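Those protein sequences? They're chains A, B and C, same order as listed.
Each residue of the first sequence is one higher than the one before, counting from 91 in the working numbering.
Each residue of the second sequence is one higher than the one before, counting from 158 in the working numbering.
Each residue of the third sequence is one higher than the one before, counting from 793 in the working numbering.
Note that beta-carbon positions come from the ideal geometry of N, C-alpha and C, so glycine has one too.
Keep in mind it's a predicted model, so treat the numbers as computed, not measured.
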Amino acid sequence: MKGGKLLTTVVAPLIALVISFAIASLVLLLVDIDPFFAYSEMWKFGTTTESLISMINRAIPLFVSALAVAVGFKMGLFNIGVEGAYLLAALVAAWVGALFSVTPVLHVSIILVVAMIVGAAWNGIAGWLKVKRGVHEVISTIMLNFIGFSLSAYLFLNFFQEDTGSLITATNLIPETGWIPSLNPVLGWFGVEPRAGSELHGFLVVAVFLGIFYYYLVSRSRFGYDLRASGVNASAAHASGINPKRMIMTTMLISGAIAGLVGMSTLLGFTHRYVQDFPSGFGFAGIAVALLGRNNPVGIAFGALLFGFMERSSLILDLKDVPREIVTIFQGVVVLAVVIVYEIVSRYAQRRAVAAAARATAEQENDREVVAI
Amino acid sequence: MAQVPVVHLSGVTKRYPGVVANRDVELKVMTGEVHAVVGENGAGKSTLMKIIYGMVRPDEGTIRIHGEETHFKSPKDAIDAGIGMVHQHFMLADNFTVLENVILGSEPRRGAQIDFRSASDRITELGEIYGLKLDPSEKVETLSVGERQRVEIIKVLYRGARILILDEPTAVLVPQEVDDLFDSIRDLTGRGETVIFISHKLEEVLSIADTITVMRAGETVGTTTPDQVDAGQLAEMMIGSELPSPQTRESTVQEEVLLEVSDLSLRSGSGRDVLSGISFTIRAGEIVGVAGIEGNGQAQLVDSLMGLERSATGLVEVRGKKISQLETRERRAEGICFIPEDRQKQGLLLTSPLWENAALGHQYEEPYAKGLWIDKRGARKQTEEIVRRYGVMTPGVDVPATALSGGNQQKLVVGREIMANPVVLIAAQPTRGIDIGAQAAVWEELKTARAAGMGILLISADLEELIGLSDTIHVLFEGKFVAELDPNDVNPETLGSYMTGAGQEAAS
Amino acid sequence: MTALVAGAKSLGRARLFVLLALAGVLILTIAQVITGTEDLTSPSTAGAALRLAIPILLAGLGGLYSERAGVVNIGLEGMMIAGTWFAAWGSWLYGPWYGIAFGMLGGAAFGLLHALATVTFNVDHIVSGVAINILAFGAMRFLSSISYGSETGGSVVQSPTVQGIDNVDLPFLAGGNILGRSTPDFLGWLETHDWFYVSDLAGIARGFMGSVNWMTIIALAIVPASVWLLWRTAWGLRLRSCGEDPWAAESLGVSVLRMKYVAVMISGALAGMGGAFLVLVQAGIYREGMTAGRGFIGLGALIFGNWLPFGVLSGAFVFGFGDSLRFRGPDVVRSFILAVAIGLVIAGVYAISRNNVRRTVITGSVGVGFLVFYMLVSAVPNQLLSATPYLITLFVLAAFSQRLRMPAADGARYVKGEAH
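Encoded structure:
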């Protein structure tokens, strides 16, 4: 029933957002801050051209990360290991990318492929452990995150560092052929002229393609059917011929491959090298966005943009004596709220669907005796 | 002066949407007797017991305990009245010891701690009195089925039950355990306890019961005693003296063997032989029926044939090609499909739209898939066709499967499997929960498919269906095929006896 | 023996734990003799291992109560984070023992949230746990910003230093004071004599009993107390029944929903206590991120310990020991690797004696692998050292996951009155 889908995918998150805003406002009131003042300041700052560009830039890795997590969620697999996967992938890809220089499209593609392979391999370990040894993927992916941090620190400091021996800890710079250009020229076509230093990451294009790929993979392909069936009813999925172990492994690999791309917008569009303080935390934030977006690419996009907006616009709060961390509370509350509200709403939607169908067929049915077996 | 019955149900009626589970039931149980209630699946025995035990309230009728009219609001009221129910499906925590399972919720205390000593003593005492020997410190998971049943019985005795209801107690026991159980039952009644014994195994019933009440289709057919009837007569009462006559038709059985099964056996984790030496063939244009009371290995047979249960031994060939080693998807690709016994568990994605459910099991072929992609349009078209041909009542093909009634869900599942045009179709309880009109339609479809050369394995508890459709009937009892019968010659006595194990002595 | 029950079996596990520990120390001693290092069995290593094990132990015990009642608690990390923050805040305002109380309350509050989501609304347990972690992280950061932001030594990510809980030397065995009078240091005396194995044992024991913190003693006491509570009282039996078969429990009149709530809140309180330990005993300060995944390692200890209190203790020790190696230096780690190799080879021999070919091959080859690693690598790089506890957790889970038994209805969806 179309209404039911709408209810759960749109209404549930909306209700959760409203509740979260209410709670955040309450918290602000408790510390003697006018919430509307805070919101209006955030809005004013957040809607400038530069801020909107920053919002999109911040949203891109969140979006990709959420896609990676969502692939697993569709099957009931919890891939918490996006964090470790993307950092390792970014490191290795940065190092590999700096080793050579070829035509731009090829160069960038190679870097992306390397990142995907590393990500897939790293998350694949967790998949293998689950299939072969029965280790629950939540714990194994979390452990692998920490191991990944250590491993990347080791590789970074011992092998992948810059040759010039300077004090900056970073990998070699990727030649310009391995850069993704900014999209500011495109913005110029529409008459948007941001200030210098504010560049719209070109990876946005790749991210959009990734979103479309996710849609086709999950909703239209045979694999996606198997994936979703496994998540809805593992027993029926098995009876229909789906091999559960193969599904788990494949899903983790795909999830890891997407995870590997999370750091690519930063790497190829901004820093062009892997630095010690390469942006982290996207792995966990991605989980929040995936939950908020109900594993749906459009919902995830909105969620990512919302988070991006809040992170960017919260910068102004420091200057206005409002604790910036209200945003983190909001993000935390919204995640919990959305999963609770979703349960309630989906149960309601189900009851409605059953009642509607019963009504529709009751007219068609006469008083027939049903065989009781 | 006539004794007051300890349990007296009269005029009890219970209706559920679409079915009358109990209609005007009369049951009189005297103190200290073993009173058996027999009937087929769906006869209404379980509902009646749930009413006695307080889990379900009757729509009409009275319940009298020791002559006083009572209304139970919950099982707790029944327990307080001294009624204890030993369920067919045990409610025991595997990781707990016998003692822990028995005392849960009624633990004896010694200060702040549980008084293990007194509980253990009491359990041992009860065990000795009633011949239900158990070691209180053993974990339930190590116990055999018979021992677990003893735990359930001790559970109710521990709480002071004087009236015990045993629901299909021998369904999962081996003969030796059955003897032990019957000894215990005699001990119980010898000491004045009352036992209500629900079963479909007629030989056993005749050997243990003092009084027998027969139910059929929700009504009490009659009450008798073991010295007045024999197994055959009981079977007739249970099943009805008139068996449906098979429709005379021309046989469509051809020479070609589509499915050959040799010596299929399966041993469960606890060592029980769930299937032993199953062998049969299905030829093109043939419907092979499998009769038997549920729980005798039907589900395991289906799972083994479909490749869901990989530890079965034996040979399975489709059109001469060995499929015993293949996994489920490959078996389906070879042309073997199935209608599952439990559609909600194995056959449907309840929260997914109908057209996705139609694709389930067939998502790798046309019309549901095209290359690597799901062909949504093809799937919807096919689903609409299924809906039309099989009379699935639904507002559309986009509603979630859970919105459909059980009967309509079943029609969808049957339709999608038959329309996938398999070589061999396994149909387990294909018309469960369907109204008569739709049932007839399904039967027509099965016959048409057979005439077109499909081979069908029909596993059913509905004798009308079995006899009406099958070209030959195997009877499955405790994991073995104990008889092969011709539907034209079968009579209720023979069929009933084989199904309930009464003919075992004759067969062996 | 009719009076024997599972509780006694749990004590039997304690005996097993002791035997394995003794065997482990023997292996370590041998490795030390070969490599010439001292630190594997020194008192300082032992003391450090104990100190690092306690937060893991408390988190694991928290997981125990929750999962025994059938609720999977991934949110232990978040509850621990809450514990760290509230303990620092409480100690900063009122003193260290208030800090413990506040830490436990903070953890329990998040436990309540988790219970609400999973028990009342039937949200998937793992999803709820992940959400709790995110929320706890954000909430604590916010609280820091409004409390510590302007204090000296404080910022959004850390608190000013706070007062901790004291240590104590156990009397007689480690030279502590009774009523003001000093007592002999028996274990210390044994240790100085350098007798093979005996002195090593004494050294380790001395490390445990000298300069041991009150919170450590309390935390350790919770282990046998939990055995008693869960296996010897009616309350404990009913709690465990919720995790084994809540439908059977319901049919016998147990209030399953209420027990789950209580269990999850206890779980949060224990994790919170673990956080309090980190602040009040180890660091003396609240720092964002100081839990470093210990909530998850605690879960690992729970699984390793087969959901039993003394098992969790052994797991916590193994992981705590691994954690302590980080700070001991590369030769010690090398020595440890040798010890692991020896242990695996022995396990392989044991598997041969049991005619288990597959296990022999696996343990044997992994053992040889460790041996080779030992001989080739002269110093384990520092960055990889920091991964030790996580590697050990992963390794242990991979080796043992399939043989362990979690409560039968752990994580199951339970709705009151719903047919099973």
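Taking C-beta pairs closer than 8 Å, name the residues in chain D that residue i reaches, listed in chain order.
i: N386 of chain A; result: The displayed structure is made up of protein chains A, B and C, and chain D is not among them.
Distance check for residue j and residue i, CA to CA, integer angstroms please.
i: G887 of chain C; j: A931 of chain C; result: 23 Å
i: I430 of chain A; j: L245 of chain A; result: 42 Å
i: Q567 of chain B; j: Y1206 of chain C; result: 27 Å
i: I207 of chain A; j: A175 of chain A; result: 10 Å
i: V101 of chain A; j: A114 of chain A; result: 20 Å
i: A861 of chain C; j: V204 of chain A; result: 45 Å
i: T368 of chain B; j: G464 of chain B; result: 45 Å
On the DSSP bridge list, what partners appear for residue i?
i: K637 of chain B; result: B:F634
i: H291 of chain A; result: H291 of chain A is not bridged to any residue.
i: E354 of chain B; result: One point to set straight first is that residue 354 of chain B is Phe, not Glu, in the sequence displayed. Its beta-bridge partners are B:A193 and B:L323.
i: E217 of chain B; result: B:T170
i: W530 of chain B; result: A:S311 and B:K527
i: I240 of chain B; result: B:I320
Can you check whether the C-beta of residue i is within less than 7 Å of a C-beta belonging to chain B?
i: S272 of chain A; result: no
i: E1036 of chain C; result: yes
i: G1045 of chain C; result: yes
i: S937 of chain C; result: no
i: V431 of chain A; result: no
Label residue i either buried or exposed according to how many other C-beta atoms from any shown protein chain fall within 10 Å of its C-beta, with 16 as the threshold for buried.
i: A795 of chain C; result: A caution first: A795 of chain C carries a pLDDT of 35, below 50, which makes its placement in the model unreliable, though a value can still be read off. That one is exposed.
i: L811 of chain C; result: exposed
i: H985 of chain C; result: exposed
i: M1167 of chain C; result: exposed
i: S191 of chain A; result: exposed
i: L166 of chain B; result: buried
i: Y1142 of chain C; result: exposed
i: G539 of chain B; result: According to the sequence shown, residue 539 of chain B is Gln rather than Gly. Its Cβ being crowded by 16 or more others within 10 Å, Q539 of chain B is buried.
i: V108 of chain A; result: exposed
i: S117 of chain B; result: The shown model of chain B, from 158 to 665, leaves out residue 117 of chain B, and the question about it has no answer.
i: G347 of chain B; result: exposed
i: L202 of chain A; result: buried
i: V1104 of chain C; result: buried
i: G1090 of chain C; result: buried
i: R843 of chain C; result: buried
On a CA-only basis, which of the options is nearest residue i? Give me that one, please.
i: F1187 of chain C; options: A:K220, A:L396, A:A114 and A:S404; result: A:K220
i: W218 of chain A; options: A:P334, A:G321 and A:S272; result: A:P334
i: M342 of chain A; options: A:A112, A:F168, A:F127 and A:D124; result: A:F168
i: R312 of chain A; options: B:I396, B:I531 and B:E451; result: B:I531
i: F153 of chain A; options: A:W279, A:A439, A:F126 and A:L351; result: A:L351
i: D646 of chain B; options: B:G636, B:F634, B:G625 and B:R172; result: B:G625
i: Q1074 of chain C; options: C:Q824, C:G816 and C:A841; result: C:A841
i: M576 of chain B; options: B:Q586, B:P557, B:Y547 and B:N565; result: B:Y547
i: A585 of chain B; options: B:T381, B:R500 and B:M394; result: B:R500
Please tell me whether residue i has its Cβ less than 7 Å away from any Cβ of chain A.
i: F934 of chain C; result: yes
i: L1189 of chain C; result: yes
i: N914 of chain C; result: yes
Consider the Cβ of residue i: report whether some Cβ of chain C lies at a distance smaller than 7 Å.
i: M206 of chain B; result: no
i: A388 of chain B; result: no
i: M248 of chain B; result: yes
i: L261 of chain B; result: yes
i: Q421 of chain A; result: yes
Taking 6 Å as the cut-off, is the CB of residue i close to at least one heavy atom of the ligand HEM?
i: Q333 of chain B; result: As far as ligands go, the structure on display features none, and thus does not contain the ligand HEM.
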